[in-house]
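> Pasting a structure below so you can have a look.
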Amino acid sequence: MTGTPLRRRGRPQPPSRSRLAAFTEFTGPQYFLLAGSFLIPLGSFAVLPFMSVLLHERLGMGLGAVGVVLAVASFVQFSGGVVGAALAERVGLQRTMLLALVIRTAGFAAFLPGLSRPMWAVAALFLVSCGAALYLPANKAYLITGVAEGRRAPLLSASSSAFNAGIALGPIAAAPFVLTASVGLFTAVTVLFGLITAGHALLPKETPVGDPAGDPAADPAADPAGDPAGEEEQRPGPQPPEDEKPAATDSSPLLPFAITVLSVYVFMFFQHYLALYAVGRTSTLFYGLVLALYALLLVVTQPLLSDWTARLPYHRALRIGFTALATGMAALSLGHPAAILGGALLICLGEVVLFLKNDLEALSRSDRSPAVVFGRQRLAAGIGAFASGIAGGEGYAWAEGSGHAGLFWLAIAAQCALLPPLLLRTLRRARPRPRPRPRSLS
0 MTGTPLRRRG
10 RPQPPSRSRL
20 AAFTEFTGPQ
30 YFLLAGSFLI
40 PLGSFAVLPF
50 MSVLLHERLG
60 MGLGAVGVVL
70 AVASFVQFSG
80 GVVGAALAER
90 VGLQRTMLLA
100 LVIRTAGFAA
110 FLPGLSRPMW
120 AVAALFLVSC
130 GAALYLPANK
140 AYLITGVAEG
150 RRAPLLSASS
160 SAFNAGIALG
170 PIAAAPFVLT
180 ASVGLFTAVT
190 VLFGLITAGH
200 ALLPKETPVG
210 DPAGDPAADP
220 AADPAGDPAG
230 EEEQRPGPQP
240 PEDEKPAATD
250 SSPLLPFAIT
260 VLSVYVFMFF
270 QHYLALYAVG
280 RTSTLFYGLV
290 LALYALLLVV
300 TQPLLSDWTA
310 RLPYHRALRI
320 GFTALATGMA
330 ALSLGHPAAI
340 LGGALLICLG
350 EVVLFLKNDL
360 EALSRSDRSP
370 AVVFGRQRLA
380 AGIGAFASGI
390 AGGEGYAWAE
400 GSGHAGLFWL
410 AIAAQCALLP
420 PLLLRTLRRA
430 RPRPRPRPRS
440 LS
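Take 0 as the starting number for the sequence shown in numbering that gives the first Met the number 0 and just add one per residue.
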C-alpha cells in the first residue's frame with residue numbers, strides 16, 4: 000500500500016523527456032541507418048519526381064510510354080521487396096543492403112549518359128527501382144534485429160520520419176538544377192550514394208534474430224519473448240473489453256497484409272490526385288504550403304505517437320486510422336482551402352497510425368524473419384498502389400468531367416468507411432472452422 004504514494008513523492012520525470020528517451024538509446028549502426036533513411040530519399044527524390052519531365056520533354060518519349068515506364072518501375076520497386084527478403088535470408092541483411100546500394104549507385108551513374116539516350120535513362124530508372132526493392136526490407140530488418148519488441152516502434156517510426164523528411168526536401172533542393180544543371184545534379188547524387196554505400200560496407204554483420212545481446216539497451220525483463228518468466232507475469236493481466244478482443248481470424252498474418260493493401264489503396268488516391276484537385280481551386284503556393292505542413296506533421300508526430308500506436312489494440316487502431324482517412328477525404332470534397340488543409344492533416348493522422356501499426360502487427364503475427372515480413376508488406380503496398388492507380392485515373396476523370404470533382408473524394412471516403420469492416424468479415428468467413436473434438440465416452 001505504501002509503494003504507490005512513495006513513487007508519487009519522488010520528482011516526476013517530464014513527459015516529453017520520457018517520450019524522447021527511447022530515441023537517445025540507439026546504437027551507432029542504428030543512428031547511421033537512420034541518417035541513411037534521410038539521405039537516401041533526399042538523393043532519390045532530388046531526381047525521381049522529375050522523371051516524367053526528363054523522359055517526355057528532354058528525351059521526347061510519348062506520355063503513354065512514359066506512363067507505362069513509371070508504372071512498371073513503381074511496381075518493381077514495391078513487389079521486388081519479396082525478392083529482397085529472400086536474398087537477405089540467404090546472404091544476410093548487411094550484404095543485401097550493400098548489394099542494393101551498389102545497384103542503386105550504378106543506376107544513378109547510368110542517368111548521366113541517359114540525359115541524351117532514352118534507353119539508358121529507362122535502364123537507369125529500373126536499376127534504381129531494383130536497388131530500392133532489395134534495400135528496404137533488409138534495412139528495416141537490420142534496424143530491429145536483436146531489439147526487444149517494445150523498442151521496435153521508436154526505431155521504425157524514427158526511420159519513417161527520416162524517410163519522409165528526405166522525400167519532402169529532395170524535390171525542393173533539386174528543383175533549381177534538374178533542367179539547367181542536370182549533369183551536376185546526377186553527379187552529386189551518384190557521389191552521395193557512393194559515400195552511403197561505403198558507409199554500409201563498414202556496418203557490422205547483424206546479430207541473429209531474437210538474440211538480445213546484439214542490442215545493449217534491450218531489457219530482457221521487459222521483453223516477454225526473451226524472458227519466459229515475464230511472459231508468465233503478463234498472462235493474468237486485465238482482459239480487454241469484449242469489443243476490443245481480436246476475432247479468431249486475427250491470429251493469421253494474412254490480416255495485416257490485407258489491411259496494408261487496403262490502407263495503401265485508399266491513401267494513394269490522395270497522393271496521386273490532390274495536386275490536380277487543389278491547384279485548380281487554390282494556387283500552387285497554397286498547395287506547396289499544404290505539402291510542407293503535411294510533411295512536418297508526419298515527421299514530428301510519428302515518433303511522438305509511436306509508443307501510443309504500438310499499445311493500441313489492432314481493431315481500435317483500424318477504427319482510428321480509417322475514420323481519420325474517411326473524414327479527411329470527405330473534407331477534401333468541399334473544395335474550400337481550409338477544408339483541403341484540414342482534410343490533408345486528418346489523412347496524415349490516418350497514415351501515422353495505420354502504416355506503423357500494420358508493420359508492427361505483421362511482425363508480431365509472423366514466425367518468419369523480419370526481412371520476409373517487410374518484404375511481404377512492401378508487396379502488399381505495391382498491390383494497393385497498383386490498384387489505386389488503375390481505378391483512380393478513370394474515376395477522377397469522370398468526376399472532373401461531370402463538373403463535381405468533390406464526388407471523387409466522397410467516393411473514396413465511402414470506401415474508407417465501408418471496405419475495412421467488409422474485409423474483416425470476409426476474412427472471418429474464409430477462415431476454416433476448427434474440427435470438433437470427439438466426446439469422451441468415460
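Beta carbons are placed, not taken as given, at the ideal position from N, Cα and C, and that holds for glycine.
Everything numeric in this text was worked out from a predicted model, so none of it was measured.
Report the rounded CA-to-CA distance for Leu-406 versus Val-146, giving the unit in angstroms.
46 Å
> Determine the direct distance from the alpha carbon of Ala-105 to that of Ala-329, and round the result to whole angstroms.
44 Å
> Looking only at C-alpha atoms, which of Thr-259, Val-68, Thr-281 sits nearest to Leu-331?
Thr-281
> Would you call Val-260 buried or exposed, if buried means 16 or more other Cβ atoms sit within 10 Å of its Cβ?
buried
> Alpha helix (DSSP H) containing Lys-356: first to last residue?
Unbroken alpha helix (DSSP H) run through Lys-356: 336-364.
> Helix, strand or coil: which one does DSSP assign to Arg-156?
The question names Arg, but residue 156 is Ser in the sequence shown. Note: Ser-156 maps to helix in three-state DSSP.
> For Tyr-272, which residues in the same chain have their Cβ closer than 8 Å to its Cβ, ignoring the five residues on either side in sequence?
Gly-391, Tyr-395, Phe-407
> Decide yes or no for the touch test of the segment 81-94 against the segment 154-170: beta carbon pairs closer than 8 Å, at least 3 of them.
no
> Apart from the five residues just before and just after Leu-38, which ones in its own chain have a Cβ nearer than 8 Å to its Cβ?
By the criterion of a C-beta distance shorter than 8 Å, Leu-38 is surrounded in its chain by Gly-165, Leu-191, Ile-195, once the five residues flanking it on both sides are discounted.
> Is Phe-31 helix, strand or coil when you go by DSSP?
helix
> Mind the definition here: the segment 40-55 touches the segment 338-348 only if three or more C-beta pairs lie below 8 Å; say whether that holds.
no
> How many Å lie between Ala-108 and Tyr-30 at the Cα?
For Ala-108 and Tyr-30, the distance between alpha carbons rounds to 27 Å.
> With H, G and I counted as helix, E and B as strand and the rest as coil, what does DSSP make of Arg-367?
coil
> Whose C-beta lies closer than 6 Å to the C-beta of Pro-302 among residues of the same chain, with five residues either side of it excluded?
Excluding positions up to five away in sequence, the list reads Ser-156, Ala-157, Ser-160.
> What is the DSSP secondary structure of Ala-45, counted as helix, strand or coil?
coil
> Once the 5 residues before and after Leu-426 are set aside, which same chain residues still bring their CB inside 8 Å of it?
Thr-248, Ser-251, Leu-253, Leu-254, Ala-257
> Roughly how many whole angstroms lie between the Cα atoms of Leu-362 and Leu-311?
15 Å
> From what residue to what residue does the alpha helix (DSSP H) around Gly-91 run?
Under the DSSP assignment, Gly-91 falls outside any alpha helix (DSSP H); it carries neither an H nor an E label.
> Could you give the residue range of the alpha helix (DSSP H) that holds Ala-294?
283-303
> Counting only runs of 3+ residues fully inside the segment 73-126, write out the beta strand (DSSP E) ranges in chain order.
none
> From Ala-384 to Met-267, what does the alpha carbon distance come to, in whole angstroms?
The alpha-carbon atoms of Ala-384 and Met-267 are separated by roughly 6 Å.
> Count the other CB atoms within 10 Å of the CB of Gln-238; is the residue buried (16 or more) or exposed (fewer)?
Because Gln-238 carries a pLDDT of 46, less than 50, the predicted location of this residue cannot be relied on, and no value is offered for it.
> Let's see if you can read the secondary structure: which residues bound the alpha helix (DSSP H) around His-55?
From DSSP, His-55 is part of no alpha helix (DSSP H); its letter is neither H nor E.
> On the CB-based measure, 16 or more other CB atoms within 10 Å of its CB, does Lys-356 come out buried or exposed?
buried
> Taking its Cβ as the centre, do 16 or more other Cβ atoms sit within 10 Å of Ile-171, making it buried, or is it exposed?
By the neighbour-count rule (16 or more Cβ atoms within 10 Å), Ile-171 is not buried but exposed.
> Check the C-beta distance from Ala-277 over to Cys-415 and give it rounded, since I have them as a contact under 8 Å.
The Cβ separation is near 19 Å, so there is no contact.
> What residue from Ala-380, Cys-347, Gly-334 has the CA that sits closest to Ala-451's CA?
What is shown of the chain runs 0 to 441, which leaves residue 451 out entirely.
> Measure from the alpha carbon of Phe-176 to the alpha carbon of each residue in Ala-132, Ala-413, Leu-53, then state which is nearest.
Looking only at Ala-132, Ala-413, Leu-53, the smallest Cα-Cα distance to Phe-176 is reached by Leu-53.
> Please determine if the segment 94-104 and the segment 117-130 are in contact, where contact requires at least 3 C-beta pairs separated by less than 8 Å.
yes
> Is it the case that the Cβ atoms of Cys-347 and Leu-297 are separated by a distance below 8 Å?
yes
> Would you kindly check if the distance between the Cβ of Val-65 and the Cβ of Leu-124 is under 8 Å?
no
> I need the DSSP call for Ser-181, collapsed to helix, strand or coil.
helix
> With burial defined as no fewer than 16 other Cβ atoms inside 10 Å of the residue's Cβ, what is the status of Arg-424: buried or exposed?
exposed
> Checking 8 Å against the spacing of the C-beta atoms, do Leu-378 and Ser-115 come in under that value?
Not a contact, by the Cβ cut-off of 8 Å.
> Are the beta-carbon atoms of Ala-120 and Leu-58 separated by less than 8 Å?
yes
> For Gly-320, which of helix, strand or coil comes out of DSSP?
In the structure shown, Gly-320 sits in a helix (DSSP, three-state: H, G or I).
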